[in-house]
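A.B. asks:
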RNA sequence: GGCGCCAUGGUGUAAUUGGUUAACACGUCGCCCUCUCAAGGCGAAGAGUUCGGGUUCGAUCCCCGAUGGCGCUACCA
């Protein structure tokens with residue numbers, strides 16, 4: 002296929018700010034970005050805000066934030082369609098002038114009524130094309146007189162319109178099935194059908210990579226390219242992302258905004274890796290591994306790897322990617338993200354930078370999400386933390402334990418040295434003397450030191466916290482909980 | 001309803017493009033390790049490739065049909 006090695010392709014992500022950047026949109030953006038990077042092309046961001054009713058500044062910001070969280074940088078834009086209205090009007094007039102479009106004086110109400118009637122009669126719900134027959138001269142006069150009218154594209158009567166999709170192959174629609182769609186509304190604002198084509202031509206896009214929900218719209222666009230005498234770009238439609246019940250991903254399935262995943266403590270790189278593998282595969286290489294760095298993805302990404310069938314979003318797998326990425330990430334790089342979590346949780350650590358990094362090193366292998374660092378792991382970064390009641394119930398319920406821990410604390414306090422190895426030796430010796438199983442003391446100590454039943458190896462934790470804190474916490478837990 | 005698209009274990013994907021005991025990962029289950037929980041190691045269950053017909057010596061792969069799912073069917077995008 003000629004599209005396998007395009008030189009300097011130009012692609013775009015063109016979200017509509019009628020909602021936040023959702024998972025499907027993010028993947029479309031990612032694919033376009035990967036494609037551009039792979040072929041040394043240009044990635045353009047265009048905001049399709051021609052639906053003034055439903056678009057909002059807030060949503061635009063949400064999309065921009067989502068893009069930047071995912072580290073998807075665009076080369077040109079963002080362009081706003083709301084600021085390019087003149088181009089669309091010009092394009093519509095050009096189409097009218099060349100006989101490819103005509104003025105339609107039907108009102109929305111009339112149209113709705115006719116559609117309802119048609120539905121009742123079981124007939125096709127398409128526009129009946131009645132304004133086609135208005136002589137051009139009459140139409141121009143009525144328009145000049147101020148009668149409101151829309152501009153409709155004149156779809157050829159016979160034949161069919163087809164295109165060669167880079168993912169799906171040849172897709173063909175009978176022209177009889179395509180309605181004379183509206184290009185320009187009566188208020189002069191373009192519909193999506195017009196603005197995409199006008200912009201895609203104007204921005205010299207070579208490849209249109211977008212969701213498969215646009216397949217049915219494509220022939221309407223192909224028709225316009227032809228009428229405008231423009232070269233067709235390569236269309237590549239990407240299968241949709243579905244929820245676990247195999248219906249289209251929506252709010253019902255939980256998080257739909259990409260930023261919600263940020264809030265859940267997902268690493269952007271993990272999310273990208275996960276997303277890249279939904280509906281795309283690097284081929285046989287996928288058999289050897291699942292983890293692909295951005296460089297890997299860029300190097301391997303082509304349209305040929307895009308699958309035709311829809312994919313189900315699997316939270317489990319995303320969680321797995323996240324743990325893998327957190328574990329593999331250098332603590333130094335993790336730190337700014339963790340600090341962000343801390344700010345969000347209004348948590349302030351009281352440790353030196355070195356201590357913080359050491360703690361992250363120790364903790365990251367068991368972190369499920371970045372949020373753990375502001376929640377479960379507080380005891381490592383501050384002396385103000387909570388005891389998890391189930392943990393206490395599990396390992397500190399025995400009344401004989403607190404006095405023992407206090408005694409153990411005094412041994413640590415007076416030990417000649419304090420290290421991971423010596424801490425272990427001290428505890429095991431102590432346990433042997435008391436005729437106790439070391440495990441009981443270890444588990445109890447863990448809760449005393451961390452507030453949690455789950456933690457890294459106890460002695461590593463002790464070494465990290467340091468002698469003073471270990472002594473303090475082992476002693477404190479022996480006291481009845483109070484805020485005195 | 002009409003039109004279009006899709007179909008490999010629960011999920012994401014492989015299968016040198018018609019020749020494999022249909023592979024890998026996530027998830028699940030078991031065992032080992034052990035100081036908790038993860039991780040890690042080992043192992044297991046789970047699809048004869050939606051179903052039915054063809055074509056072929058041979059179909060996951062090609063053709064037809066059915067079924068199911070999804071998409072579009074606006075002066076939304």
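In my numbering, the protein residues as written are 2 to 485.
We put the CB at the ideal spot given by N, CA and C, even for glycine.
Using the rule of at least 16 other Cβ atoms within 10 Å of the residue's Cβ for burial, across every protein chain shown, is residue 222 buried or exposed?
C.D. replies: Burial call: buried.
A.B. asks: Starting from residue 487, follow the beta strand (DSSP E) in both directions and report where the run begins and ends.
C.D. replies: A question about residue 487 goes unanswered here, because the residues of the chain that appear run from 2 up to 485.
A.B. asks: Roughly how many angstroms lie between the CA atoms of residue 465 and residue 360, to the nearest whole one?
C.D. replies: Roughly 7 Å separates the two Cα atoms.
A.B. asks: Touch check for the stretch 398–415 and the stretch 292–308: three-plus C-beta pairs under 8 Å?
C.D. replies: Flag = no, the stretch 398–415 and the stretch 292–308 do not touch.
A.B. asks: So, helix, strand or coil for residue 104, using DSSP?
C.D. replies: Here residue 104 sits in strand by DSSP.
A.B. asks: Once you ignore the five residues that flank residue 194 on each side, which residues in its own chain have a CB closer than 6 Å to its CB?
C.D. replies: Closer than 6 Å at the Cβ level, and outside the excluded window around residue 194, lie 182, 221.
A.B. asks: Apart from the five residues just before and just after residue 92, which ones in its own chain have a Cβ nearer than 6 Å to its Cβ?
C.D. replies: So the list reads 199, once near-sequence residues are dropped.
A.B. asks: Which ranges does the alpha helix (DSSP H) cover as unbroken runs of at least 4 residues, wholly within the stretch 327–391, from first to last along the chain?
C.D. replies: Counting only runs of 4 or more, we get 332–345, 354–364.
A.B. asks: Assign residue 205 to buried or exposed, taking buried as 16 or more other Cβ atoms, counted over all protein chains shown, within 10 Å of its Cβ.
C.D. replies: Counting Cβ neighbours within 10 Å, residue 205 comes out exposed, since fewer than 16 surround it.
A.B. asks: Specify whether the stretch 225–237 and the stretch 96–108 touch according to this definition: at least 3 beta carbon pairs, one from each stretch, less than 8 Å apart.
C.D. replies: Contact between the stretch 225–237 and the stretch 96–108 is present, because at least three Cβ pairs lie under 8 Å.
A.B. asks: Below 8 Å on the Cβ atoms is my contact criterion, and I expect residue 36 with residue 208 to pass it. Report the Cβ-Cβ distance as a whole number of Å.
C.D. replies: Right, their Cβ atoms sit about 7 Å apart.
A.B. asks: Can at least three beta-carbon pairs, one atom from the stretch 345–354 and one from the stretch 311–322, be found at a separation below 8 Å?
C.D. replies: The stretch 345–354, when compared against the stretch 311–322, does not touch it at the 8 Å Cβ threshold.
A.B. asks: From the DSSP output, in three-state form, read off residue 61 for me.
C.D. replies: DSSP places residue 61 in helix when its eight states are reduced to three.
A.B. asks: If you measure from the CB of residue 86, is any heavy atom of the ligand NAD nearer than 7 Å?
C.D. replies: In the structure shown, the ligand NAD is absent, as is every other ligand, since no ligand is present at all.
A.B. asks: For residue 161, collect the residues of the same chain with a Cβ closer than 8 Å to its Cβ; drop the 5 residues on either side in sequence, then sort them by chain order.
C.D. replies: Contacts found: 173, 174, 175, 176.
A.B. asks: Could you tell me which of 452, 324, 358 sits nearest to residue 337, measuring between CA atoms?
C.D. replies: Selected option, being the one with the closest Cα: 358.
A.B. asks: Excluding the 5 residues flanking residue 106 on each side, which residues of the same chain have their C-beta closer than 7 Å to its C-beta?
C.D. replies: Hits under 7 Å: 132, 143, 148, 150.
A.B. asks: Quick check on the DSSP output: the beta strand (DSSP E) that includes residue 171 runs from which residue to which?
C.D. replies: 170–175 is the span of the beta strand (DSSP E), which, as asked, contains residue 171.
A.B. asks: Whole angstroms is fine: what's the gap from residue 483's alpha carbon to residue 477's?
C.D. replies: Summary for residue 483: the model assigns pLDDT 41, below 50, so the residue's position carries little reliability, and this model does not support an answer.
A.B. asks: What are the start and end residues of the beta strand (DSSP E) that includes residue 166?
C.D. replies: Looking at the DSSP string, the run of the beta strand (DSSP E) that includes residue 166 is 161–166.
A.B. asks: What are the partner residues of residue 249, as DSSP defines its beta bridges?
C.D. replies: Residue 249 is bridged to 243.
A.B. asks: Identify whether residue 219 lies in helix, strand or coil by the three-state DSSP scheme.
C.D. replies: Helix, per DSSP.
A.B. asks: Can you check DSSP and say which residues form a bridge with residue 237?
C.D. replies: Answer is 210.
A.B. asks: Which residue wins for smallest C-alpha separation from residue 300, given the options 217, 41, 438?
C.D. replies: The option with the nearest alpha carbon to residue 300 is 41.
A.B. asks: Thinking C-alpha only, which one of 406, 260, 388 is nearest residue 68?
C.D. replies: For residue 68, the nearest C-alpha among the options comes from 260.
A.B. asks: Taking the DSSP output, what are the residues bridged to residue 187?
C.D. replies: For residue 187, which the question treats as bridged, DSSP gives no partner whatsoever.
A.B. asks: Mind reading off the beta-carbon distance from residue 1 to residue 210? Whole number of angstroms is fine, and I expect it under 8 Å.
C.D. replies: Absent from the structure is residue 1, since the part of the chain shown begins at 2 and ends at 485.
A.B. asks: When you compare only the Cα positions, how much space is there between residue 134 and residue 155?
C.D. replies: Each residue's alpha carbon lies about 11 Å from the other.
A.B. asks: May I ask you to report which of helix, strand or coil DSSP gives residue 462?
C.D. replies: In this structure, residue 462 counts as helix in the three-state DSSP scheme.
A.B. asks: Flag this pair as touching only if the stretch 20–31 and the stretch 242–256 have three or more C-beta atom pairs under 8 Å; answer yes or no.
C.D. replies: Enough Cβ pairs lie closer than 8 Å, so yes.
A.B. asks: With DSSP as the reference, label residue 448 as helix, strand or coil.
C.D. replies: Residue 448: helix per DSSP, three-state reduction.
A.B. asks: Mark residue 53 as exposed unless 16 or more other C-beta atoms lie within 10 angstroms of its C-beta, in which case mark it buried.
C.D. replies: With fewer than 16 Cβ atoms within 10 Å of its Cβ, residue 53 is classed as exposed.
A.B. asks: Closer than 8 Å by C-beta to residue 435: which residues in its own chain qualify, once you throw out the five before and the five after it? Chain order, please.
C.D. replies: For residue 435, where only same-chain residues beyond five positions count, the Cβ hits under 8 Å are 405.
A.B. asks: Just to confirm before moving on: does the CB-CB distance between residue 164 and residue 219 stay below 8 Å?
C.D. replies: A contact, by the Cβ cut-off of 8 Å.
A.B. asks: So what does DSSP say about residue 47, is it helix, strand or coil?
C.D. replies: DSSP places residue 47 in strand when its eight states are reduced to three.
A.B. asks: Mind checking which residues open and close the beta strand (DSSP E) that includes residue 151?
C.D. replies: Unbroken beta strand (DSSP E) run through residue 151: 151–154.
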